[in-house]
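Structure first, then comments.
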Amino acid sequence: MIWIGAVGSLGFTLYAGRHNPSIVLMLLFGLWVLSPFAMLMILKHRAPRYLGAAITLASLAIYGYVALGHPIGHTATAFLVVPLVSWLLIAVACVLRKRAPRP
């Protein structure tokens with residue numbers, strides 16, 4: 018499911034920035050959008066399972082909404098904020114999971 022989120026999010030990012038002439042900027046946006054998914058794949062056995070599904074569904078919903086013509090403010094804002102919030106959720110979930118007592 019994480020792969021679907023990564024590919025879909027990258028697709029929406031490229032679609033939303035299709036009129037941007039800067040290849041470097043598009044590359045940086047693509048890497049930033051993919052970074053939470055890469056970390057979820059690395060932490061596959063340490064992060065809670067529901068976290069990958071939640072981030073995938075939320076990212077696709079938000080990016081799709083913005084990329085397909087319903088931007089919230091500036092289009093780039095969503096593509097900057099969603100990965101940041103995803104990173105924060107991953108960090109909090111991993112810290113909480115590490116502190117939780119194991120049966």
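Going by the working numbering, the sequence shown opens with residue 18, and the numbers climb by one from there.
Beta carbons: idealized from backbone N, C-alpha and C, even for Gly.
Contact set for residue i: own chain, Cβ-Cβ below 7 Å, skip 5 residues either direction
i, result
"residue 53", "72, 100, 103, 104 and 107"
"residue 22", "54, 72, 73, 76 and 77"
"residue 29", "80, 81 and 84"
"residue 24", "none"
Cβ-Cβ distance between residue i and residue j below 9 Å
i, j, result
"residue 57", "residue 69", "yes"
"residue 32", "residue 85", "yes"
"residue 41", "residue 26", "no"
"residue 92", "residue 34", "yes"
Buried or exposed by the 16-neighbour rule on C-beta atoms within 10 Å, applied to residue i
i, result
"residue 80", "buried"
Proximal residues to residue i (C-beta, below 8 Å), its chain only, five neighbours per side dropped
i, result
"residue 65", "110 and 114"
DSSP three-state assignment for residue i, whether helix, strand or coil
i, result
"residue 18", "coil"
"residue 106", "helix"
"residue 114", "helix"
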